[in-house]
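Reviewing the structure listed below.
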Amino acid sequence: MSDSVPFNFGGLEKKYTDYENSGMVILPVPFEQTSSWIEGSARGPESIINASRNMELYDIETGIEVYRAGIHTADSVEEDSAVSMIEEVYSRNLKFHKDSKFPVTVGGEHTVSIGAVKAAVEYYGDVSVLHLDAHSDFRRSYEGNPYSHACVMSRISELGADVFSVGIRSMDISERESLKDSKTVFAHEIPGSNDWEKRALKGLKDKVFIDVDLDVFDPSVIPATGTPEPGGMLWQQVTGLIKKITEKKHVVGLGIVELCPFENSSISEFAAAVLIYKTLSYVNTA
Ligand SMILES: [Mn+2]
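This note's numbering applies: residue 938 is where the sequence shown begins, and numbers increase by one.
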C-alpha cells in the first residue's frame, strides 16, 4: 500500500469523505478495558481502516460503488472509562442519525456497541438488535464489572432493544435463562439448513441494528479476535443473512467489534473491512 493513499475508510479521495456530503460515517472507537483473554482490540479500528485502503471499491454482487454516496471517517472516540466512552459513542451516533447519515461504529471491545444501540433506540424507538456473536454475552455482571464485554447484551436489553442472537456457541450456564430459544440461532443449528434465516427474519422487528462481534465467524475466516471459538459461521452465511435483512427490514446502524489484529497477518482486518463495505453496499441498494 502506497503512503499516498489517504488514511480513511476505503482510502477515498477527499471529495468522497466530507461529512456534509457523506451518506455514511465510520466511527472508530479504540476502547479496550476488560479483555478476558487475547488483548489488542484497541488496535482494531486503525487496522481495519488501514486494511480497507486495499479494497476494490466496486461490489460485484450489488453492482455499485457505494463510496460514491460518501463515506466520512470520523475522529476516534478517545475515552478511558466505559461510562464516558458509551456516552460519547451515543451522542456521536445520535448526531449521525439526526443528520441522516448511516453510522458504522468500529471497536474496540464489544462494550462500544452499547452507545450505538442507545442512540438508535432513542432516535427510532422500536429497534431490534441482530446480535452476531460466538458468545451470548448475557452475564448480568462479570468480574464485578457491569460494563465487561461479557455482559454487553444484558446492558443492551436494558435499553429496551429487542435482541435476536445468531451464531452462539459458547456460554455459561448462568446465561441460559436470559437466552430464549425463540430469540436465538445456535451455531450448531446453521449448517445444512436455511430454516435459521427464516427464524431470524421472523424474530426481528422492522428496524434493525446489526451488531457484529467478529468472533461469530469461524476462525478459518477471521482468526484475529479476542476470544476465538471453533465451529463458527462462514463468510457467505453471514453476508447472506445481512443481505436478506437489508432487503426485508430497515437497517438503522452497524457495529463491528472485537478485532484483535495479529502482528504478521492482515486477513482478519481485511475481512472486517470488506464486511463493512459490503453491508453498506447492501443497505444502499435495498
Ligand atoms: Mn464474542
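Using N, Cα and C, we set each Cβ at its ideal position, and we do this for glycine too. As the structure is a computational prediction, the values presented were derived from the model and not from experiment.
Exposure of residue i, with buried meaning 16 or more beta-carbon neighbours within 10 Å
i                  : result
glutamate 969      : buried
glutamine 1173     : exposed
glutamate 1195     : buried
glycine 1192       : buried
glutamate 1046     : buried
isoleucine 1204    : exposed
phenylalanine 1154 : buried
phenylalanine 944  : exposed
glutamate 1113     : Rather than glutamate, the amino acid found at residue 1113 in this sequence is arginine. Answer is exposed; the Cβ neighbour count stays below 16.
lysine 1215        : buried
Coarse secondary structure for residue i, derived from DSSP in three states
i                  : result
phenylalanine 1101 : strand
leucine 949        : coil
isoleucine 1213    : helix
serine 1107        : strand
histidine 1072     : strand
valine 1089        : helix
glycine 1044       : strand
tyrosine 1219      : helix
serine 1065        : strand
tyrosine 1060      : helix
aspartate 1150     : strand
Separation of residue j from residue i, as counted between CA atoms
i              : j               : result
serine 1013    : arginine 1136   : 36 angstroms
arginine 1005  : glutamate 950   : 10 angstroms
glutamate 1206 : leucine 1141    : 28 angstroms
aspartate 1148 : serine 1111     : 23 angstroms
valine 1211    : methionine 992  : 7 angstroms
threonine 1010 : glycine 1129    : 39 angstroms
threonine 971  : threonine 1222  : 37 angstroms
glycine 947    : aspartate 1036  : 22 angstroms
lysine 1180    : aspartate 996   : 13 angstroms
leucine 994    : aspartate 1017  : 34 angstroms
histidine 1187 : lysine 1144     : 5 angstroms
isoleucine 975 : proline 1160    : 12 angstroms
serine 1094    : asparagine 1201 : 37 angstroms
Sequence-distant residues of the same chain with beta carbon closer than 6 angstroms to residue i, five excluded per side
i                  : result
proline 982        : Pro965, Pro967, Val1043
serine 1091        : Phe1075, Arg1077
tyrosine 1084      : Ala1019, Thr1048
phenylalanine 1146 : Val1054, Ala1057, Val1064, Val1066, Val1189, Gly1190
methionine 915     : With the chain covering only 938 through 1223, there is no way to say anything about residue 915.
alanine 979        : Pro967, Glu969
Same chain, Cβ closer than 7 angstroms to residue i, five either side skipped, listed in chain order
i           : result
glycine 977 : Cys1197, Pro1198
valine 1158 : Leu1171, Trp1172, Ala1208
lysine 1038 : Ser959, Gly960, Met961, Val962
Nonlocal neighbours in the same chain, by C-beta distance under 8 angstroms from residue i, ignoring five residues either side
i            : result
glycine 1168 : Arg1106, Ala1124, His1125, Asp1155
lysine 1185  : Leu1138
Distance cut-off 6 angstroms: residue i Cβ against heavy atoms of ligand 2
i            : result
alanine 1056 : What this structure holds is ligand 1, not ligand 2.
- Task: Could you pull out every unbroken alpha helix (DSSP H) segment of at least 4 residues lying fully inside the region 959–1033, listed in chain order?
- Result: Within the region 959–1033, the complete alpha helix (DSSP H) runs of at least 4 residues are 981–989.
- Only counting runs of 4 or more residues, tell me where the alpha helix (DSSP H) segments fall wholly within the region 1162–1211, in order along the chain. Scanning the region 1162–1211 for uninterrupted alpha helix (DSSP H) segments of 4 residues or longer gives 1172–1185, listed from N- to C-terminal end.
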